[in-house]
Ligand SMILES: Cc1cc2nc3c(=O)[nH]c(=O)nc-3n(C[C@H](O)[C@H](O)[C@H](O)COP(=O)(O)O)c2cc1C
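In my numbering, the protein residues as written are 8 to 229.
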């Protein structure tokens, strides 16, 4: 913390700063108590009307994890052939290294997903009181809570959604009903690499004041 603002809980800022996509996870076991705590953190999240429209599928069975990996890897292959190839063609020289690293790590995840000791699939129910982008939005604060809790305990994870391209196969594998939407697929495990800060645009560039497009110069210090 190097600004003079009073901070009562500095650790949460550090967790936010260093919570990033961890796609390389060790197969080493994770005691189930960690999973209990992750779900606890998820279920503390804000949600529409406090209806708590969520269920958390925890997958530890080897055959089911392998099934998820096969579904995910097939979608990853399509992504790489389409959007991935397009990104490669468009990327500037300066950003090439970072893109190649992300794609390499993405490939690693697609190949090794089933080796993570747990895969969690947070499922959300759509709320009629919300519409458009907000209709399924109650599940994502819960996912972010879970990811920050994982960071706090030294566990790696990454929010993935590619499985949604073949959500029917995931439903069939795990018996998920039609009204429960699989918002994400999160491998959970001890990370191979180190946590660090992800590249993000400065807050001043993405903040408008009073009128759309009106930026101000400011520096937000942690
Ligand atoms: C809605 C959403 C969907 C994502 N889907 C995938 C995915 O299917 N596969 C994957 O490897 N990463 C996925 N990610 C992770 C992003 O690529 C990652 O958060 C982003 O590149 C920033 O990474 P960093 O925190 O390490 O900087 C997804 C993230 C979000 C928020």
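Where a beta carbon is used, it is the ideal one built from N, C-alpha and C, also for glycine.
Query: Nearest residue (CA-CA) to residue 84, options 58, 207, 114, 55; Result: 114
Query: Burial state of residue 218, where buried means 16 or more other Cβ atoms lie within 10 Å; Result: exposed
Query: Integer-rounded CB distance, given that residue 180 should sit under 8 Å from residue 74; Result: 5 Å
Query: Entirely enclosed beta strand (DSSP E) segments - the stretch 175 to 206, minimum 3 residues; Result: 193 to 195
Query: Unbroken beta strand (DSSP E) run spanning residue 20, endpoints; Result: Where residue 20 is concerned, there is no enclosing beta strand (DSSP E), although the alpha helix (DSSP H) it sits in stretches over 17 to 25.
Query: Selection from 226, 195, 116, 215 that minimises the alpha carbon distance to residue 45; Result: 195
Query: Whole-angstrom distance between residue 189 and residue 131, CA atom to CA atom; Result: 7 Å
Query: Any non-hydrogen atom of ligand 1 closer than 7 Å to residue 168 Cβ; Result: yes
Query: Rounded Cβ spacing between residue 54 and residue 148 (contact assumed at less than 8 Å); Result: 7 Å
Query: Three-state secondary structure assigned by DSSP to residue 140; Result: helix
Query: Proximal residues to residue 52 (C-beta, below 7 Å), its chain only, five neighbours per side dropped; Result: 148, 149, 152
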